[in-house]
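Order-wise, the sequence lines are chains A and B. For the first sequence, numbering that gives the first Met the number 0 begins at 0 and goes up steadily by one. For the second sequence, numbering that gives the first Met the number 0 begins at 0 and goes up steadily by one. Glycine included, each C-beta is placed from N, C-alpha and C at the ideal position. Source: prediction; values computed, not measured. I have placed the structure first, in the form of structure tokens, so that the comments after it can refer back to it.
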Amino acid sequence: MSEYLLLFMGAVVINNFVLTRFLGLCIFFGVSKNYDASAGMGMAVTAVITISSVFAWLAYNYILVPLNVTFLTTIVFVLLIASFVQMLEMIVKKYTPNLHKMWGIYLLLIATNCVVLGVPLLNVESGFNLAKSVVNAFGSGVGFALAIVLMASCREKLRLANVPKSLDGLGVAFIIAGCLALSFLGFSGMIK
Amino acid sequence: MSAILTITVIMAGVGLFFGLVLAAANKKFAVEMNPLIHIVEDILPKGQCGACGFAGCAAYAEAVVLDPKVEPNLCIPGKKIIADEVARLTGKAAAEIEPRFAFVKCAEPITTAKKKYVYDGISDCAAAFILQNGPKVCEYGCIGLGNCVRACVFDAMVMNDQGLPVVNKDNCTGCGACATACPKGVIAMINPDAPVAIYCNSNEKGAQVRKNCKIACIGCGICAKQCPYDAIKMVNNLAVVDSSICLEKCTEIVCLAKCPTNAIKTYKVPPLEMTQAV
């Protein structure tokens with residue numbers, strides 16, 4: 000049990016995908032202008048990563064390994080995730096129109112995002128079993144949501160601040176992201 | 000060679016599989032949508048200006064088809080043609096839509112107006128407005144930095160060389176985006192067929208107005224007295240024309256003659272190269 004808990008916490012804070020591995024930066028900067036949008040994005044990413052990592056694990060262990068074509072992992076995962084996200088969008092649209100209104104646009108945005116692709120790839124690379132893959136994916140998603148929500152909160156505050164013109168907008172956002180990443184660096188070494 | 004063949008077969012298989020799954024899902028999870036929504040959306044102008052009060056043309060199309068209370072004549076850029084068409088498609092009673100047109104209620108360009116200070120900040124009316132309501136001595140006039148021009152999605156506004164926004168009659172749809180963008184409220188939406196219009200926005204008292212601007216409405220009310228049909232009223236030291244009365248009753252324009260400052264002028268949609276105010 001503690002192993003899974005450690006894996007989860009590790010994925011959330013220590014190996015945070017945005018702030019220590021620098022994946023998914025485009026949505027991290029693109030959708031962190033306001034809190035609501037970033038929270039929606041965080042949830043959508045978490046759901047997609049978690050579910051798609053299950054499919055990815057199954058595809059890897061039951062199709063790619065037996066056929067001895069593991070060199071196709073990346074491209075198959077891209078296909079798999081893109082189709083899965085499409086399908087998820089259809090299902091959400093059909094059964095929960097409200098959720099679709101909240102998520103719909105983000106779902107399609109993350110269809111080919113590097114966080115969503117990166118987690119399943121790292122899962123199979125680390126040789127995780129199915130349960131570990133899911134825990135790791137869920138933790139990574141939560142970590143992403145945490146990072147983007149923190150960032151959005153900072154940027155909302157920043158709108159009231161007197162930022163030098165040369166740094167206004169993305170410039171100061173990068174500096175903040177750097178500071179956040181530095182503070183997350185403090186978590187490293189917490190778990191051996 | 001065989002490796003390439005294997006890859007091709009596998010990738011084609013995977014692609015085919017996902018394609019079929021998606022196609023099946025598309026059938027299974029298809030959302031029933033009233034096809035009329037798409038038809039209505041197609042005929043709307045797609046300026047996404049929001050003049051109808053909905054978040055874009057698609058949202059309005061959905062609302063007007065599904066909600067019996069939403070009027071078919073809310074699309075102002077679409078004018079009467081689109082309103083009639085939407086009414087026909089949705090089976091609602093066609094209602095009148097009054098043509099509207101952006102009108103700049105100030106004739107004194109920033110270049111010649113009296114100024115409190117020289118504004119040297121970013122070229123944005125709202126920014127200039129923060130600094131003591133803009134550089135003009137007249138608190139009500141056009142600042143001339145073109146927020147309205149930038150707000151226009153139909154390319155209907157340009158700044159003329161004096162620094163006054165000018166409305167291009169061919170493109171203006173009356174959506175009112177410029178009026179919202181103007182921090183001074185200088186832009187009004189009026190009927191393009193109105194015979195006369197007041198080229199001033201100042202609510203200041205006459206004496207003060209005279210000090211600020213030579214061509215402003217001083218609120219003397221002579222035009223209101225001239226009009227036999229009470230189409231002109233004095234509101235806050237400014238003449239206000241009710242153009243619906245003009246259009247209905249006016250046969251001869253008598254209100255212009257005695258205006259001491261020529262602030263009231265005949266109004267036909269001004270051509271692009273509108274002359275400099277005298």
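Hey, does residue i have any beta-carbon neighbour from chain A nearer than 8 Å?
i, result
"residue 53 (chain B)", "no"
"residue 17 (chain B)", "yes"
"residue 102 (chain B)", "no"
"residue 263 (chain B)", "no"
"residue 5 (chain B)", "yes"
"residue 129 (chain B)", "no"
"residue 0 (chain B)", "no"
"residue 142 (chain B)", "no"
"residue 109 (chain B)", "no"
"residue 9 (chain B)", "yes"
Check whether the Cβ atoms of residue i and residue j sit closer than 8 Å, and answer yes or no.
i, j, result
"residue 146 (chain A)", "residue 17 (chain A)", "yes"
"residue 97 (chain A)", "residue 26 (chain A)", "no"
"residue 180 (chain B)", "residue 146 (chain B)", "yes"
"residue 108 (chain B)", "residue 77 (chain B)", "no"
"residue 252 (chain B)", "residue 222 (chain B)", "no"
"residue 283 (chain B)", "residue 71 (chain B)", "It is not possible to answer for residue 283 (chain B), since the shown part of chain B is limited to 0 through 277."
"residue 195 (chain B)", "residue 266 (chain B)", "yes"
"residue 63 (chain B)", "residue 185 (chain B)", "no"
"residue 177 (chain B)", "residue 101 (chain B)", "yes"
"residue 347 (chain B)", "residue 88 (chain B)", "Limits of chain B in this structure are 0 at one end and 277 at the other, which puts residue 347 (chain B) out of reach."
"residue 113 (chain B)", "residue 136 (chain B)", "yes"
"residue 122 (chain A)", "residue 52 (chain A)", "yes"
"residue 202 (chain B)", "residue 163 (chain B)", "no"
Would a check of beta-carbon distances place residue i closer than 8 Å to chain B?
i, result
"residue 48 (chain A)", "no"
"residue 11 (chain A)", "no"
"residue 162 (chain A)", "no"
"residue 59 (chain A)", "no"
"residue 93 (chain A)", "yes"
"residue 82 (chain A)", "yes"
"residue 5 (chain A)", "no"
"residue 26 (chain A)", "no"
"residue 66 (chain A)", "yes"
"residue 145 (chain A)", "no"
"residue 101 (chain A)", "no"
"residue 86 (chain A)", "yes"
"residue 8 (chain A)", "no"
"residue 190 (chain A)", "no"
"residue 89 (chain A)", "yes"
Write down the C-beta distance between residue i and residue j rounded to the nearest angstrom, noting that I regard them as a contact closer than 8 Å.
i, j, result
"residue 199 (chain B)", "residue 258 (chain B)", "Actually they are not in contact, since the Cβ atoms of residue 199 (chain B) and residue 258 (chain B) sit about 10 Å apart, beyond 8 Å."
"residue 190 (chain B)", "residue 246 (chain B)", "7 Å"
"residue 152 (chain B)", "residue 46 (chain B)", "5 Å"
"residue 82 (chain A)", "residue 28 (chain B)", "Their Cβ separation, rounded to whole angstroms, is 14 Å, which puts residue 82 (chain A) and residue 28 (chain B) out of contact at 8 Å."
"residue 28 (chain A)", "residue 55 (chain A)", "With a Cβ gap of about 26 Å, residue 28 (chain A) and residue 55 (chain A) do not count as contacting."
Could you give the DSSP three-state label for residue i: helix, strand or coil?
i, result
"residue 233 (chain B)", "strand"
"residue 34 (chain B)", "helix"
"residue 186 (chain A)", "coil"
"residue 82 (chain B)", "helix"
"residue 270 (chain B)", "With a pLDDT of 46 at residue 270 (chain B), under the threshold of 50, the predicted position of this residue should be treated as unreliable, and no value is reported."
"residue 173 (chain A)", "helix"
"residue 187 (chain B)", "strand"
"residue 156 (chain B)", "strand"
"residue 210 (chain B)", "helix"
"residue 90 (chain A)", "helix"
"residue 4 (chain A)", "helix"
"residue 36 (chain A)", "helix"
"residue 80 (chain A)", "helix"
"residue 263 (chain B)", "strand"
"residue 142 (chain B)", "coil"
Check whether the Cβ of residue i sits closer than 7 Å to any heavy atom of the ligand FAD, and report yes or no.
i, result
"residue 94 (chain A)", "With respect to the ligand FAD, the structure shown offers nothing to examine, as it has no ligands at all."
Which residues, in chain order, does the stretch 13 to 46 of chain B contribute to contact with chain A at a C-beta distance below 7 Å?
13, 14, 17, 20, 21, 24, 25, 28, 30
Against chain B, which members of the stretch 103 to 126 of chain A pass a CB distance test of less than 7 Å?
none
May I ask you to list, following chain order, the residues of the stretch 184 to 217 of chain B that have a beta carbon less than 9 Å from some beta carbon of chain A?
none
Positions along the stretch 153 to 182 of chain A whose CB lies within less than 7 Å of some CB in chain B
none
To be precise: take each residue of the stretch 69 to 80 of chain A, compare its Cβ to all Cβ atoms of chain B, and keep it if any distance is under 9 Å. Which residues remain?
70, 71, 74, 75, 78, 79
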